[in-house]
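These protein sequence lines are chains D and Z, in that order. Per my numbering, the very first residue in the first sequence carries number 76; after that it's consecutive. Per my numbering, the very first residue in the second sequence carries number 92; after that it's consecutive. In this text, a Cβ means the ideal position worked out from N, Cα and C, and glycines have one as well. Right, one structure below, let's go through it.
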Amino acid sequence: MKGLYQICMYMTFDRKQVVTPAFVMLDAEGWKMDLERQKSAPIYEALEKFRKKRVVPFDVPGHKRGRGNPELVELLGEKCVGLDVNSMKPLDNLCHPVSVIREAEELAADAFMAEHAFLMIGGTTSAVQSMILSVCKSGDKIILPRNVHKSVINALVICGAVPVYVEPEVNDRIGIALAMETAPLERAIKENPDAVAVLVNNPTYYGICSDLKSIVKLAHEHGIQVLADEAHGTHLYFGEDLPVSAMAAGADYAAVSMHKSGGSLTQSSLLLTNNGVNADYVRQIINLTQTTSASYLLLSSLDISRRNLALRGRESFARVVQMAEYARAEINAIGGYYAYSKELVNGNSVFDYDVTKLSVHTQGIGLTGIEVYDLLRDEYDIQIEFGDIGNILAYISIGDRTRDIERLVGALSDIKRLYERDGSGLVTGEYVQPQVVMSPQKAFYSNKISLPIEETEGAVCGEFVMCYPPGIPILAPGERISREIIEYILYAGQKGCSLQGTEDPEVKRLNVIRQ
Amino acid sequence: MEMWFSEMHTQNVKISIRTDKQLYSAQSDYQRIDVFESPEFGRFVTLDGDIIFSEADEFIYNEMVTHVPMSVHPNAKKVLIIGGGDGGVAREFCRYNEIEEIDVVESDDMFVEVCRKFFPETAKGFEDPRVKIYYEDGLRFLRGKINAYDIIVNDSTDPFGHTEGLFTKEFYGSCYKALKEDGIMVYQHGSPFYDEDEVACRSMHRKAYKSFPISRVYQAHIPTCPSGYWLFGFASKKYHPLNDFKPESFNKRKLETWYYTTNLHTGAFMLPKYVEDLLEEEENS
């Protein structure tokens with residue numbers, strides 16, 4: 076496995092006395108995962124041992140191995156409800172791990188080339204928010220691209236940090252925001268020398284990667300920590316010839332969505348830290364919002380998936396890449412569709428491309444992505460990850476089979492035959508650059524009034540508006556509402572995107588700051 | 092000693108066939124293939140535990156997917172058989188001299204080898220020089236084909252196994268595109284009797300009905316199929332299976348058949364009330 080590792084360890088981490096770039100990074104053949112140790116799955120093994128003891132439960136959960144809820148057993152199966160148990164000495168406690176959970180975290184850290192790994196059970200949202208809350212306090216500045224997941228800006232609402240956006244370049248043909256580039260980042264750092272963190276998507280939902288190594292180098296030179304949102308990047312740690320992972324690039328934190336490409340259960344995730352980050356402090360931050368009744372279904376799924384990735388990840392992702400490349404070639408052969416890949420790589424705004432992603436621009440057949448997404452589901456019984464104005468994303472994973480790929484390609488071909496139309500009137504952009512007027516927290520908690528969306532031009536927004544998926548805010552609290560944004564929201568709604576985030580469930584009215 | 096092969100037709104119904112011996116068992120890249128010898132049905136082959144055909148009743152199926160479209164299409168020359176790994180349908184089409192090309196697309200080459208070895212009578216269709224086998228996924232094969240065939244037969248049986256892609260809207264759409272403007276598609280339509288099968292049967296009719304201007308359903312009695320009752324779909328851009336039916340053209344050929352007759356052709360489209368009802372419901376949905 077390729078990677079970078081550091082020789083110096085930092086004794087303690089102090090927020091004010093930020094990391095100095097004193098460590099040496101080695102192009103590591105260096106990081107050798109202990110494969111023998113990776114064969115164990117301590118949480119899973121402890122659960123098995125516990126099950127065989129047939130302990131009589133006089134603790135929660137109250138369904139008592141399912142006996143109190145036969146319908147649940149019917150739905151989930153006896154084995155599953157039997158594993159739904161409480162924290163206890165032989166099974167450890169996620170809030171203060173000392174035995175099997177601790178071991179599982181150490182194994183995960185080893186597998187992901189991190190100093191420390193935290194098992195997370197509140198989705199990657201909780202991992203993203205914990206890393207931001209670990210680094211930022213009220214009033215601190217954090218540099219980030221605007222095309223972040225809503226969980227990032229939500230964290231800013233919670234902690235009161237102020238976003239400094241680095242405007243990403245937009246690819247005009249496919250209409251998506253691209254990577255974070257180093258030149259504008261450097262400008263942002265110059266203008267905001269007091270910034271405490273840089274947050275980077277690695278990769279974006281669409282598969283676009285930034286020059287993470289250079290970003291880390293630049294940030295560390297200015298004493299700024301680097302946080303990576305790797306919600307779509309678990310496989311980068313295990314596949315070959317894929318873009319660099321955050322830990323390998325030297326980032327300080329990474330939020331890794333194990334339940335996406337890693338194969339664990341929905342809602343389970345990992346938070347990784349490196350470079351001497353104070354893990355005990357991070358644990359305290361996590362415990363501010365984390366449940367004290369962590370689900371062992373989720374924890375054991377993380378444990379088993381980590382083992383699986385460590386032992387078989389390389390072959391699995393080689394197959395995923397092969398399927399994605401095959402699908403891309405077949406889709407491009409249909410004509411009209413554009414399944415993009417490494418040809419976009421240009422050294423800066425697309426530093427690298429994650430070829431496991433199957434992102435397809437659909438406007439060449441005159442249809443928006445969301446229209447193709449709906450057709451695939453309603454007419455062809457195929458559910459893909461998302462469709463937006465210009466693109467669809469089909470998630471290819473270790474669970475896919477070539478014959479399913481044939482169905483997807485066949486359906487896209489049939490959609491072109493039956494539904495192709497003139498697309499000259501289509502709106503192209505996914506991304507409208509916002510103007511930030513105040514911090515998300517200040518805006519969110521200000522006095523607000525509700526206005527019909529058409530009448531909000533010029534006002535400052537007090538809440539989120541986004542299409543879900545992908546969950547990247549079109550408007551975030553504290554941003555000026557422009558005519559262009561209003562029209563984009565109305566257009567997305569009219570095309571069938573699922574709009575969310577506003578207090579008004581129908582997204583016909585917006586809360587704006589009372590002037 | 093008693094040795095029985097059983098296939099679950101539903102959770103609560105199974106068919107059991109006494110067997111003399113098991114002749115073959117192997118796992119291919121796609122499915123488990125078994126061949127048995129039985130006193131009642133002769134040899135039969137199963138895929139993942141489902142009977143695909145037996146020596147005793149394969150003629151019903153093969154005749155019904157061949158002679159029905161051939162007695163309607165006035166000028167068929169080029170035929171595509173998807174999933175026809177046993178060669179039986181190809182054999183039946185080979186009996187027509189005017190057929191010039193028969194393409195058989197089968198993803199599982201091991202299945203073809205097994206049929207060649209254990210069912211030479213059925214697989215002899217492959218020996219005809221007009222027949223060409225493509226070991227490929229059916230959907231993939233079809234994607235590049237436009238306006239190419241007079242008749243397409245979907246010979247795949249299982250809408251839930253590795254051939255599920257051949258029971259989808261994208262499949263029917265691809266067939267439509269691959270057929271000439273007067274082309275006919277004939278396809279397995281499953282059995283309408285048991286609840287689970289009925290759902291699949293309805294969904295097939297809905298998709299074909301929406302994909303083709305003419306879409307009718309016909310029936311046959313096949314003992315080893317679930318409930319012993321099987322439906323076929325007839326979909327076409329131009330020809331109606333009864334209005335454009337030419338019994339005299341078939342009769343003057345003097346082909347020997349064991350199931351198909353021109354009287355039966357008409358009768359096969361006369362469906363029981365409950366079947367008519369469920370098909371009509373899908374047409375109006």
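Residues of chain D with CB under 8 Å from residue i, in chain order?
i: D228(Z); result: T477, R478, E481
Which chain Z residues sit within Cβ distance under 8 Å of residue i?
i: A486(D); result: T259, K260, E261
Could you check how far apart the C-beta atoms of residue i and residue j are, in whole angstroms? I think they sit under 8 Å.
i: P545(D); j: Y280(D); result: 5 Å
i: V163(Z); j: F336(Z); result: 5 Å
i: A291(Z); j: G281(Z); result: 5 Å
i: L233(Z); j: S265(Z); result: 4 Å
i: Q365(D); j: C170(D); result: 7 Å
i: G571(D); j: I445(D); result: 5 Å
i: A385(D); j: M108(D); result: 6 Å
i: F150(Z); j: Y350(Z); result: 6 Å
i: M541(D); j: G576(D); result: 5 Å
i: A202(D); j: I379(D); result: Contact doesn't hold; Cβ gap of about 19 Å is too wide.
i: A502(D); j: Y566(D); result: Contrary to the premise, residue 502(D) reads as Val rather than Ala in this sequence. About 5 Å; that satisfies the 8 Å criterion.
Can a CB atom of chain Z be found closer than 9 Å to the CB of residue i?
i: F98(D); result: With a pLDDT of 39 at F98(D), under the threshold of 50, the modelled position of this residue cannot be trusted, and the question is left open.
i: E405(D); result: yes
i: E493(D); result: According to the sequence provided, residue 493(D) is Leu. The question's Glu does not apply to it. L493(D) counts as touching chain Z.
Please confirm whether residue i has its beta-carbon closer than 9 Å to some beta-carbon of chain B.
i: L270(Z); result: Absence of chain B from the displayed structure is noted, the protein chains being D and Z.
Would residue i count as contacting chain D if we go by Cβ distances under 9 Å?
i: G264(Z); result: yes
i: S119(Z); result: no
i: R307(Z); result: no
i: R293(Z); result: no
i: R231(Z); result: yes
i: S402(Z); result: Here chain Z has residues from 92 to 376 only, and residue 402(Z) is not among them.
i: S97(Z); result: no
i: S247(Z); result: no
i: S116(Z); result: no
i: S198(Z); result: yes
i: S376(Z); result: no
i: Q102(Z); result: no
Return the chain-ordered list of same chain residues with a C-beta closer than 8 Å to the C-beta of residue i, the five sequence neighbours on each side being excluded.
i: L122(D); result: L158, V160, L166, Y371, S375
i: P580(D); result: none
i: R482(D); result: Y455, I457
i: V159(Z); result: V277, Y309, F323, F325, P332, Y351, H356, A359
For residue i, which residues in chain D fall below 9 Å Cβ to Cβ?
i: R234(Z); result: E405, A408, I409, E481, V484, G485, S488
i: G438(Z); result: Here chain Z covers residues 92 to 376 and nothing more, so residue 438(Z) does not appear.
Counting only the same chain and skipping the five closest in sequence on each side, list residues whose C-beta sits under 6 Å from that of residue i.
i: F184(Z); result: T157, V170, I190, I193
i: L433(D); result: A399, A402, A469, I471
i: S205(D); result: L346, I360, I361
i: V301(D); result: V273, V291, A294, A326, D327
i: M255(D); result: P220, V241, V275, S285
Near residue i, which residues of its chain fall below 7 Å by C-beta distance, leaving aside the five closest residues on each side in sequence?
i: A354(D); result: H191, T348
i: R293(Z); result: L369, E373
i: M99(Z); result: K105
> Listed in chain order, which residues of the region 450-477 of chain D have Cβ atoms closer than 9 Å to some Cβ of chain Z?
Replying inline: E454, Y455, D456, I457, R476, T477
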